[in-house]
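Heads up, the sequence shown is in numbering that gives the first Met the number 0, so the first residue is 0 and it goes up one at a time. See structure below.
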Amino acid sequence: MIQLKGIAAASGISIGPAYILGKEELIVSREAVSWSEIPAQIQLFEEALIQTRREIIELQKRISQDMGQQEAQIFDAHLLVLEDRMLIEEVISRLKKEQLNVAYIFSDVLKKYISVFLEIEDEYLKERAADINDVGKRILRNLLGKKKRGLDEIGVRAIIVAHDISPSDTAAMHTKNVAAFVTDVGGKTSHTAIMAKSLEIPAVVGLEGVTAQVNPGDTLIVDGSTGIVIIDPDNETLASYQQKLEKLKGIADKFLQVKDQAAQTHDNHTVVINANIEFPDEVPSVKLHGGQGIGLYRTEFFYMNRQDSPSEEEHYQAYKYVAQEMNPHPVIIRTLDIGGDKFLSQFKVPHEMQPFLGWRAIRFCLARPDIFKLQLRAILRASVHGNLKLMYPMISGVEELRQANQLLKEAKQELDGNGIKFNDQIEVGVMVEVPSAALTADILAREADFFSIGTNDLIQYALAVDRGNEKVAYLYDPAHPAVLRLIKGIIDSAHQAKIKVAMCGEMAGEPSLALILLGLGLDEFSLPPQVIPELKYVIRAVSFKEIRGFAEKALKLSTGKEVEEFAQKRLEQILG
Ligand code: PEP
Ligand code: MG
């Protein structure tokens, strides 16, 4: 049994077999073979080597045509591995000696080879280990007669272990047998982690080296609330986690009892609890958990896992569905937020050194009015079917808001010109997630209908901490006094201008910190659907008067750790 600790990214506990993405082809069973079968096994090995050579030469040809000769030469090293007499002879001699299936022997020889190369402190030899690994996998795949495996092939509900999982891979897990996932890299508010929450898949990220420690099929326990991952648990640990699972279910049931009640304090201060979604088919989950509306619909997921871009009609149909399903409750559609950690192959955005500071979100949309206006027209068209609002991501100052509104005006004129109906009074909000917007919130508030604070980005930009980098994740702190001060400033500016202020970043879904937000006067909380009942329960257990005092005290603390402990203590009192 091995216990590891990573970054808790999506809560919940899962127990199940490990499925290693990108490593799975190395699963080889150990089978005895008789002496008479040895020549056939050698033949199998030789055929696999020939087939691998054919594949590599084919690949080399293709790369040479597409990218040039120099790039294709990389594969010369791969071809050399196929001629490595030592490797081949070791396989054949062990095959004869141990009388086990050749795939097993080869995979064992391969592992030992790679580990010897990796142990030597020499960059050239380390690279050679990568070559051997690549070619070795190819040979093994051919020995086993397998194609490269992907998420599509997961048969049982498994726990995915991978070096990294992209937001689009996570989006693809939507319909797959994924019980949880664990990755070597990543941070708490990376979009991969956010997707996991939406899909209610427990996740632990930033667990450096986990892919090297887990073998396919190992039993894993993933605790997405504490960040603990246990490999091959003993019976006692397994039983205690099963008990914990039961207990969690009991607590969830307690919260669910208040899901349809108002988020109202003892002294009748009422706030709104909305849900964040990425896909229209999450609407039933929003209703099931008592969401009063949708506070953030991240539309960029619509573009993922497809070659083409969705048409205006496709956008329209999706928004219309969500608007109708939620009617009369509000649905806030966030316009396209690509860039950062969300790449869409359709748009061929050039590679950037710092994508989070680059051509992202509203910056991209203002530069590509064709793409932006197509989406705006679809939102406007859908606005007659329910209570739709829209908001722009990554606004850094009022000029960007004005430019976006100018394009909105043009989109309206285009519809008007074609006699298409829409809600001309549609509310337009600003996501406050860049420090410059937070610090000029008073100016923005004069021209925005509402604010929605995007803490996932606001924190990374304010504290200069990449939200997806596990190396600096310890500095990513929603409770940092700087973050609290920025939030207080945004809320006060919004209220002075008499507009509502929501929060749709993950911070709004952390019940202890949500207490501080409540005390600071936040009007609306938007969070992953499954957290809604707990937050309602917590809000219904306090008085606004007391919580205002509590938030004032939190603002006077010096460090994020102090704030967190202070808020956690209050939460524990509430939850008993
Ligand atoms: C945020 O930044 O807090 C937010 C809600 O948007 P996203 O996580 O999609 O960047
Ligand atoms: Mg954001």
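Note that beta-carbon positions come from the ideal geometry of N, C-alpha and C, so glycine has one too.
Relative to the ligand PEP, the beta carbon of C364 is positioned no closer than 8 Å to any heavy atom.
In this structure the segment 522-542 touches the segment 243-255; the number of beta carbon pairs closer than 8 Å is three or more. Within 8 Å of the C-beta of M393 there is at least one heavy atom belonging to the ligand MG.
Restricting attention to D75, L143, E45, the CA atom closest to the CA of Q59 is found in D75.
Distance from the CA of L244 to the CA of I12, rounded to the nearest whole angstrom, comes to 6 Å. A distance below 9 Å separates the beta carbons of V177 and I200. DSSP assignment within the segment 242-270 yields no whole beta strand (DSSP E) run of 3 residues or more. Burial check for S492: the Cβ neighbour count within 10 Å reaches 16 or more, so the residue is buried. Remark: the shortest separation between the CB of N455 and any heavy atom of the ligand PEP falls under 8 Å. Cβ atoms of T210 and A179 stay farther apart than 8 Å, at about 15 Å. DSSP, reduced to helix, strand and coil, places S451 within a strand of the structure shown. Positions of the alpha helix (DSSP H) runs, each at least 4 residues long and wholly inside the segment 182-229, are given as 190-197, 209-212 in order along the chain. Only residues of its own chain outside the window of five on either side were considered, and among them V330, A381, S382, H384, G385, N386, L387 have a CB closer than 8 Å to the CB of A322, listed in chain order. For A478, the secondary structure class from DSSP, reduced to helix, strand or coil, is coil. Taking 8 Å as the cut-off, one finds at least one heavy atom of the ligand MG near enough to the beta carbon of G504.
A distance below 7 Å between beta-carbons, with the five flanking residues on each side excluded, links V32 to the following residues of its chain, in chain order: Q40, Q98, L99, N100.
Fully enclosed alpha helix (DSSP H) runs of no fewer than 4 residues occupy 101-118 of the segment 89-141, in order along the chain. Judged by DSSP secondary structure, F355 falls outside any beta strand (DSSP E); it is assigned neither H nor E. Look at H314: its beta carbon is at least 8 Å from all of the heavy atoms in the ligand PEP.
Using a cutoff of 8 Å, the CB of T191 does not count as near the ligand PEP, since none of the ligand's heavy atoms is closer than that. For M390, the shortest separation between its Cβ and any heavy atom of the ligand PEP does not lie below 8 Å.
Among the bridge pairs identified by DSSP, Q572 is matched with none. DSSP places I14 in the strand class (E or B) of the three-state scheme. According to DSSP, residue pairing for A317 in a beta bridge does not occur. Residue pairing by DSSP places A179 opposite I158 in a beta bridge. Shown here, N386 sits in a strand according to DSSP, grouped into three states. Annotation: A410 is outside any beta strand (DSSP E); the continuous alpha helix (DSSP H) that includes it extends over 397-416. Distances between the C-beta of E299 and the heavy atoms of the ligand MG are all 8 Å or more. Separation of the CB atoms of S525 and L570 is rounded to 20 Å, and the pair is thereby denied contact status at 8 Å. Contact check between the segment 334-349 and the segment 294-302: three or more CB pairs, one atom from each, fall below 8 Å, which counts as touching.
Contact check for R376 and E313: beta-carbon distance about 12 Å, past the 8 Å limit, so the pair fails to qualify. Residue burial annotation: A366 is exposed, with fewer than 16 other C-beta atoms found within 10 angstroms of its C-beta.
Bounds of the alpha helix (DSSP H) holding Y536 are 531-539. With a cut-off of 8 Å, the C-beta of D336 is classified as near the ligand PEP, since at least one heavy atom of the ligand falls inside that distance.
R333 has its CB nearer than 8 Å to a heavy atom of the ligand PEP. Contact between G226 and G5 holds: their C-beta atoms lie close to 5 Å from each other, under 8 Å.
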